[in-house]
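One structure is given here, and the rest of the page talks about it.
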Amino acid sequence: MQENFERKTIKNIDFNIDLAQSFGIYKNKSEFDLLDYASSVNISCGFHAGDPLTIRDALLRAKEKNVVVGAHIGFDDIQGFGYRDMDLDEDEIEAVVIYQVGALMSFAKTFNMEIEHVRPHGAMYKRCASDFAFACSVAKAVQKCSKWLVYYGAAGEITEKTGELINIPVAQEICLEKMYNVDGTVNTIAKDCENTEMEISRLKQLLSSSQVSNIEGGKTVVTADTIHFTNRLSNSLELIKQAYDVIKPVPVNYKNACLSGWVE
4 MQENFERKTI KNIDFNIDLA QSFGIYKNKS EFDLLDYASS VNISCGFHAG
54 DPLTIRDALL RAKEKNVVVG AHIGFDDIQG FGYRDMDLDE DEIEAVVIYQ
104 VGALMSFAKT FNMEIEHVRP HGAMYKRCAS DFAFACSVAK AVQKCSKWLV
154 YYGAAGEITE KTGELINIPV AQEICLEKMY NVDGTVNTIA KDCENTEMEI
204 SRLKQLLSSS QVSNIEGGKT VVTADTIHFT NRLSNSLELI KQAYDVIKPV
254 PVNYKNACLS GWVE
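Right under this line is the structure:
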């Protein structure tokens, strides 16, 4: 991202969290603690995590809370929880994406639910943020499932250009615990922040000026449609609670409707 981009106040933003990050005997009940404060959820589809009963439970809990549901897709790597990169050709990428998205779409329909977005996980997420061709392959596969699905990706030029080239709606994502490079990409070396006060300060800065602090001590303007809240950190619940007090989140499609003038 360039420093000379126009600074804008953000009035509406989505909070997204992950659900069904379990499989077999390995359970993660704490993920539901964040559900009351989210506007959208990413439900694992059985590749990096999520068994049938866990996915079913996540869908029903999301329906109960009336939050937007999306597919959380990843590499077929349960042993590594989807954090091991894989070298796949275009046909393989298309197959693993459609298989996962299609499974969750069908599962959701049995509860009269529709999924609205797709968010890559772990190594697939990082690859989409750094490899334009790979991101485009994932986005094309998502679009084959439905042209209405929103592609969630890390804020930055690659996600933006993927949306433009594939003609797919995108939601650019920020993480309050991450440090950012000058170009607006996530610095993957820096340790995640677990200081709630500092993270809330980052949130307020983002909302007031569309800026994130970068590793060189300056500010970088970013596009931010959604904020991802992980449950892996010691202060995860406290952070999303305080963030919810700062701004009430709304789903991405609702935000876009507001910007278009359809909702006031």
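Numbering-wise, this note's numbering comes out as the position in the sequence shown, counting from 1, plus 3. Glycine included, C-beta positions come from ideal geometry on N, C-alpha and C.
Exercise. Apart from the five residues just before and just after Val189, which ones in its own chain have a Cβ nearer than 8 Å to its Cβ?
Worked result: Contacts found: Ala132, Ala157, Cys178, Lys181, Met182 and Tyr183.
Problem set entry | Alpha-carbon spacing of Asp36 relative to Asp79, whole angstroms | 27 Å
Problem set entry | Residue of Val141, Val185 and Cys148 minimising C-alpha distance to Thr165 | Thr165 has its Cα closest to that of Val141, out of Val141, Val185 and Cys148.
Problem set entry | Where the beta strand (DSSP E) through Gln214 begins and ends | Gln214 to Ser216
Exercise. Hey, out of Met116, Val100, Phe18 and Met127, whose CA is closest to Leu62's CA?
Worked result: Met116
Problem set entry | Sequence-distant residues of the same chain with beta carbon closer than 6 Å to Ile171, five excluded per side | Ala142, Gln146 and Tyr154
Exercise. Short check: CB of Pro1 to CB of Ser47, under 9 Å?
Worked result: The question about residue 1 has no answer here: the residues shown for the chain are numbered 4 through 267.
Problem set entry | Buried versus exposed call for Ile58 [16 or more other C-beta atoms within 10 Å across all chains shown] | By the neighbour-count rule (16 or more Cβ atoms within 10 Å), Ile58 is buried.
Exercise. Can you find at least 3 beta carbon pairs, one from the region 119–132 and one from the region 66–77, that sit closer than 8 Å?
Worked result: yes
For this session: Might you give, ordered along the chain, the residues of its own chain that have their beta carbon closer than 8 Å to the beta carbon of Gln208, omitting 5 neighbours on each side?
Result: Gln214, Val215, Ser216 and Lys222
For this session: Note down the Cα distance separating Ser212 from Thr113, rounded to an integer number of angstroms.
Result: 42 Å
Exercise. Shortest alpha-carbon distance to Val99 belongs to which of Thr162, Ala246, Cys148 and Leu242?
Worked result: Cys148
Exercise. Does the Cβ-Cβ distance between Thr191 and Val173 come in under 9 Å?
Worked result: no
Exercise. Considering only the beta carbon of each residue, do Thr233 and Ile20 sit closer than 9 Å?
Worked result: yes
Problem set entry | Residues of its chain near Val249, where Cβ-Cβ distance is below 7 Å and the 5 sequence neighbours each way are ignored | Ile203, Leu206 and Lys207
Problem set entry | Sequence-distant residues of its chain with Cβ nearer than 6 Å to Phe50 (five each side left out) | Close CB contacts of Phe50 within its chain, under the 6 Å cut and outside five residues either way in sequence, are with Gly77, Asp79 and Gln103 (chain order).
Problem set entry | Beta-carbon proximity check, Val72 vs Glu34, cutoff 9 Å | no
Exercise. Closest by CA to Asp39, which one among Asp186, Lys68, Leu168 and Asp134?
Worked result: Lys68
Problem set entry | Where the beta strand (DSSP E) through Tyr154 begins and ends | Val153 to Ala157
Exercise. Under a Cβ-count criterion, where at least 16 other Cβ atoms within 10 Å of its own Cβ denotes burial, should Thr12 be classed as buried or exposed?
Worked result: exposed
Exercise. Between Gly77 and the ligand GDP, is the CB less than 8 Å from at least one heavy atom?
Worked result: As presented, the structure is devoid of all ligands, the ligand GDP included, so that no description of it is given.
Problem set entry | Option in Gln245, Asp92, Leu22 and Asn256 with minimal Cα separation from Thr229 | Asn256
Problem set entry | Reference Asp175, options Ala106, Glu95, Gln245 and Val225, closest by Cα | Note on residue identity: the sequence assigns Gln, not Asp, to residue 175. When only C-alpha atoms are compared, the closest one is Val225.
Exercise. Buried or exposed: where does Leu210 fall if 16 or more other Cβ atoms within 10 Å of its Cβ makes it buried?
Worked result: buried
Problem set entry | Distance between Asp186 and Asn7 (C-alpha atoms, nearest Å) | In this prediction, Asn7 scores a pLDDT of 43, lower than 50, which makes its location untrustworthy; the coordinate-derived value is nonetheless stated afterwards. Distance between the alpha carbons of Asn7 and Asp186 is about 12 Å.
Problem set entry | Reduced DSSP secondary structure (H/G/I, E/B, other) of Glu119 | strand
Exercise. What residue from Asp92, Val70, Leu152 and Asp60 has the CA that sits closest to Gly105's CA?
Worked result: Leu152
For this session: Run through the region 165–224 for me and flag every whole beta strand (DSSP E) of 3 or more residues, listed as ranges in chain order.
Result: List check, beta strand (DSSP E) in window: 173–177, 214–216 and 222–224.
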